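Since the structure comes first, as C-alpha cells, the remarks are kept for the end.
Numbering (UniProt numbering), first residue to last: 1 to 453.
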C-alpha cells in the first residue's frame, strides 16, 4: 500500500506559484498586470476552491506594500468588474475587493465589515481606506484602525501608511497612528516594528522604540554594532552616546562608517593621538575628517601625525593602515609631502639579504597616487605620474589618469595612448577624458622607426 507523502498537494504548490507570479507582476503597476491580478482574485472569490483562496491570501500578504495602492487604482478603472458584498461575510479576500469598489457605499460597508475581521490583510485594507476620498469611509477606517493591536496587523498598517504619506488626504494619518502606538498596550507591536523586514517600517519602529525607551544599553550597543540597517545602527549609536559617552571607544570598531564617525566625535578632547591613529587611517573619508577635527581642536596639526606614522610604516606593515594614512595625508598635507608619497609608489626595501625589492600592495599604491594627484604642484604632475600609467593594477592606473585630468592639456599623446589601449574599461574611460578626440594609434617618431629597421 502506498503512503501519501506529507506536504501540500501538487495543485496547491502550483497555485501558490501562480499567485506569487501574478502579485510580482502587478507590483510593477502596469495596468494589464494589475487587471490580471484583479480578475484572478474576483474569480477566486466567486468560485475558487478553498486552497486557491488560501494561496491568493498568502501571496498578497507576502507582497510588497506598494501592491494594494496599485489594486486600488486598477479597481476604479473604467469597465472594472465589481464584486458583490454578502451581508455578514467575513472572507478577507471578498472584503478586500469590496473595499476597492468604485461605489462609496460598498466601500463603507466593506470597512464596517473589516472591523470584525482579524489579520494583517484586513488591517492593510483599513489603512488604505484612511485616505479615501469619501469622508464617511475615511472616518470609519480611521476609527477602526487603532483597535488593531496584534504585531502583524500593526506592521501591515504601518507599511501601507508609510507609502501613502504623500497623498493630500493622508496629512497627519501616520502621525496620528504613531501617537496611538505610543500607548502602553502597543509595546509588543512596537518592538516587532523595530525588527520588521521592510526597511522603512523598521526605521519607523526603531525611532518610536527609542523614543519610548524600549532599549537598554546592551540592546543599543548590540544594534549599533551589528544591525543590518545603517539608519537603525546610527539611531541606536546616537542614543547610546547620549546616555553613556564612555561607549565611544567600543563604537569606534563598528562596521558602519556613520557610527564610527559619531564615536570619534564623542571622544574627549584630551584623547591621546596614539588612540586616534586607527581612525585617522579609517577607510571612510568622513571618519578620517572627524578624527582630524579632534586634533585641530587642541591645536595639533594632523599632517604632522600622518607624516610621523607613515615614517614608521615598512613594506611589510598592514596595507590597510598604510593606505588609510596615505589617503588622510592627501587630504590635509601639502607639496612638501611629495617625496614621502613617492616612496609608496615604488618597490619597498628587500625583507632580507639576497632578496629583491618588494612591490607595495596595490591599495597602498592607489592611495599614494591619489594623494600625489591632490598635493603635487601642477607643473610636476606629468613627470611624477606618467610613468605610473603602466602599473599592472587597474586601480592605480585609473588614479593616475584621474589625477592627470588637472593638467589634461600637458599630458603627452604617448601617455594617453597607454591608457586608451589598456583592457580595463575604467582606465580607458579615464584616459579618454583627457583627450576624447584622440585616436588609439601610437605616436612613433621617424628616428624610432629607422632604429627599429
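Just so it is clear, CB atoms sit at the ideal spot from N, CA and C, and this is done for glycine as well.
As the structure is a prediction and not an experimental result, all values here were calculated from the model.
A direct Cα-to-Cα measurement between residue 336 and residue 312 gives close to 18 Å. In this chain, the alpha helix (DSSP H) harbouring residue 58 covers 50 to 62. In the same chain as residue 386, and ignoring 5 residues on each side of it, the C-beta atoms closer than 6 Å to its own belong to 415, in chain order.
Contact annotation, residue 201 with residue 235: C-beta distance approximately 14 Å; criterion of less than 8 Å not satisfied. If you draw a 10 Å sphere on the C-beta of residue 334, you find fewer than 16 other C-beta atoms in it, and that means exposed. Take the alpha-carbon of residue 114 and the one of residue 92: they are about 8 Å apart. Residue environment: residue 318 is assigned as exposed (fewer than 16 neighbouring CB atoms within 10 Å of its CB, all protein chains considered). The three-state secondary structure of residue 27, taken from DSSP, is coil. The DSSP-derived three-state label of residue 130 is coil. Comparing C-alpha distances from residue 53 to each of 216, 20, 31 shows the shortest one belongs to 20.
Taking the Cβ atoms as the reference, residue 144 lies roughly 11 Å from residue 108, outside the contact range of under 8 Å. Residue state for residue 256 is assigned as coil, using DSSP reduced to three classes.
Taking 8 Å as the cut-off, the Cβ atoms of residue 280 and residue 328 count as close. A distance below 8 Å separates the beta carbons of residue 209 and residue 190.
Rounded to whole angstroms, residue 39 and residue 126 show a C-alpha spacing of 22 Å. Excluding sequence positions up to five before and after residue 245, its CB lies within less than 7 Å of the CB of 266, all in the same chain and listed in chain order. Here residue 387 carries a helix assignment [DSSP, helix/strand/coil]. Sorting 407, 395, 434, 47 by C-alpha distance to the C-alpha of residue 426 places 395 at the top.
For residue 424 and residue 411, the gap between their C-alpha atoms comes out near 20 Å.
For residue 153, the uninterrupted alpha helix (DSSP H) segment begins and ends at 151 to 163.
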